[in-house]
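Going down the list, the protein sequences come from chains V and Y. According to this note's numbering, the first sequence holds residues 11 to 130 in order. According to this note's numbering, the second sequence holds residues 11 to 130 in order. In this text, a Cβ means the ideal position worked out from N, Cα and C, and glycines have one as well. On a predicted model such as this, the values are computed, not experimentally measured, just so you know.
2 protein chains.
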Amino acid sequence: MARAATTSDAFNAIAEPQRREILVLLRGGERPVTDLARDLGMTQPQASKHLRVLREVGLVQVRGAGKQRLYGLDARGLRPIHEWVGGFERFWNESFDRLDEYVQELKQARQEGPQDGDDQ
Amino acid sequence: MARAATTSDAFNAIAEPQRREILVLLRGGERPVTDLARDLGMTQPQASKHLRVLREVGLVQVRGAGKQRLYGLDARGLRPIHEWVGGFERFWNESFDRLDEYVQELKQARQEGPQDGDDQ
DNA sequence: TTGACGCATTCCGATATAGGCATATGATGG
DNA sequence: CCATCATATGCCTATATCGGAATGCGTCAA
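In structure tokens form, the structure reads like this:
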């Protein structure tokens, strides 16, 4: 029907580059919205919206500090992603080996040789 | 103006659960489209579309095998994701420390409310 | 060639995004 | 209470998604 909501999980939330940048900035510590917006060259409403998404999936937390609201990183939600992707670790190493055979097959295929005839 | 294209990068491509499932299945080796579709309980066109996206971002490769087209994993595109997310590793551990203060605050707050049973 | 199979690609509709802009809400200080 | 700063939310448009159904290829077997 449409793409899954950006707030449906961390995978969707971090699919947006600006949200990733926000998370990276927050590694440096808590920060108010305007600060983030300025540093990332986006408008304040934009920042607020992105932060809302990040908050809904639990990747950031807010803390009221007087007039300001300090957003802080809560990276625990990234762990499942790291683990899921990590499940492919041996494959992106293996890929080079596997591609070796692959490449050779392709070389042969390119020769257009029907049944035999190949060298090299 | 709209969300970034699913084909814009691996982050967006794997935001879709079904595509993640496809990738997982492909860890078991190359497979034809219909096979994947059946195993994942989706229609063949759906599978083809998802595979197209995965292919455009380079996460899978295709290889014609007679009538069939065998899709295979190319996990190299997942590596940048793993690294990016890995950049937060110390934070989701640290979170527990930082959360220590947090949890204590919560405990105090809870001391007035109902108690949760212990679990494990 | 015809037919059957495997797969890709259309067209359709519904949805919700990201961006820009205006404005509402909230808290602080006089 | 009022003005001000900090942030959130509402409204709007353009866009691209995912899902479904139908159909268009390309390949193989008689």
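- In this structure Y:R29 is buried. Its beta-carbon is surrounded by 16 or more other beta-carbon atoms within 10 angstroms.
- Between Y:L69 and Y:A15, the gap from beta carbon to beta carbon reaches 9 Å or more.
- Pairing Y:G87 with Y:A20 gives a Cβ-Cβ distance under 9 Å.
- In this structure V:V34 is not in contact with V:L61, their Cβ atoms being roughly 14 Å apart against a cut-off of 8 Å.
- Cβ-Cβ separation between Y:T17 and Y:V72: approximately 15 Å, too far for a contact (criterion under 8 Å).
- Relative to the Cα of V:E99, the nearest Cα in the group Y:R37, Y:I32, Y:G74 and Y:P27 belongs to Y:R37.
- Its chain contains T17, D19, A20, A23 and G87 as the residues whose beta carbon lies nearer than 7 Å to that of Y:V67, once the 5 sequence neighbours on both sides are disregarded; these appear in chain order.
- Within the segment 29 to 57 of chain V, no run of beta strand (DSSP E) at least 3 residues long lies entirely inside it.
- Taking the Cβ atoms as the reference, V:W102 lies roughly 4 Å from Y:A85, within the contact range of under 8 Å.
- When the alpha-carbon of V:G82 is set against those of V:E26, V:R13, V:H92 and V:D45, the nearest one is in V:D45.
- V:M11 and Y:M52 have their C-alpha atoms roughly 14 Å apart.
- DSSP places Y:R89 inside the alpha helix (DSSP H), whose first and last residues are R89 to G96.
- Around the Cβ of Y:R41, a 10 Å sphere holds 16 or more other Cβ atoms; the residue is buried.
- Among the bridge pairs identified by DSSP, Y:G76 is matched with none.
- Residue contact check for V:P27 against chain Y: a CB pair falls below 9 Å.
- Listed in chain order, the positions of the segment 83 to 99 of chain Y with a beta carbon within less than 9 Å of a beta carbon of chain V are L83, D84, A85, R86, G87, L88, R89, I91, H92, W94, V95, G96, G97, F98 and E99.
- Per DSSP, the unbroken alpha helix (DSSP H) holding V:A23 starts and ends at A20 to A23.
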